[in-house]
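Residue numbers (this note's numbering): 397 to 615.
The beta carbon of each residue, even a glycine, is placed where N, CA and C say it ideally should be.
Predicted model, so just to flag it, every value in this text is computed and none were measured.
Worksheet: one structure, shown below.
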Ligand code: DX5
Ligand code: ZN
């Protein structure tokens, strides 16, 4: 059954703990935290201290999205801060296979993310060693952008490979997920949908927005 993972980029970060608690109370089963370093992507967001704060606030698994250069140096700090799944970008390292192995050795679920411009087939030789693939359906860096539809073909390719090879792989879609695009992602084979602006906006309460999204994906 598909899960919704709120991203707090457009939340009121002055009330971070409350904002994630509200989403979890309304049915979020994962919290997605976007880590940006000002190099891999222009903005700078949050570090391990924020992860610790969220770890204390809620009991659900924390999904860390590392949009950072040299992710090798950041795996352990974010694992120790409380990350359950740690996702680094394929484009940010020469050694994706090694990093996936290191994450599993740390007891984390190992995740790898793909930018919209990167073909999914580059993952051919690493998906057997990953617990999750994150298909970016926006260019990373900002919340509230438009969904890039070519990501759906990547989700379909991953779902076929997973089936063909009997892999235990979670397929996550990140970026531009809303009431219209969420059903497309589910139809393509996604298991987890990250949603930021669709949950944290001024059109509805967090609870109302969560309920609408869950309903859109048939839950
Ligand atoms: C983009 C982030 C996403 C994004 C999700 O760099 O990785 O997690 O903020 O937010 P929305 O749903 O607003 O696209
Ligand atoms: Zn993200």
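Taking 8 Å as the cut-off, one finds at least one heavy atom of the ligand ZN near enough to the beta carbon of residue 428. Distance between residue 403 and residue 579, taken at the CA atoms: about 18 Å. Residues 400 and 402 of the same chain have their beta carbon placed closer than 6 Å to that of residue 424, with the five preceding and five following residues left out of the count. With three or more CB-CB distances shorter than 8 Å, the stretch 543-555 counts as touching the stretch 583-603. Rounded to the nearest whole angstrom, the C-alpha separation of residue 509 and residue 500 is 16 Å.
Separation of residue 565 and residue 520 (C-alpha to C-alpha, rounded to the nearest whole angstrom) is 13 Å. Not one heavy atom of the ligand ZN is found less than 8 Å from the C-beta of residue 485.
Annotated three-state conformation of residue 440 is strand, per DSSP. With a cut-off of 8 Å on Cβ pairs, the stretch 443-457 is in contact with the stretch 474-490, counting three or more such pairs. Within the stretch 557-603, the complete alpha helix (DSSP H) segments at least 4 residues long are 577-584, listed from N- to C-terminus. Here DSSP, grouped into helix, strand and coil, assigns residue 501 to helix.
The alpha-carbon of residue 558 is positioned some 19 Å away from that of residue 546. Boundaries of the beta strand (DSSP E) harbouring residue 402: 399-402, taken from the DSSP string. Along the stretch 405-462, the alpha helix (DSSP H) occurs as fully enclosed runs of 4 or more residues at 412-421 and 444-453, listed in sequence order.
The criterion of a C-beta distance shorter than 9 Å is satisfied by residue 574 and residue 594.
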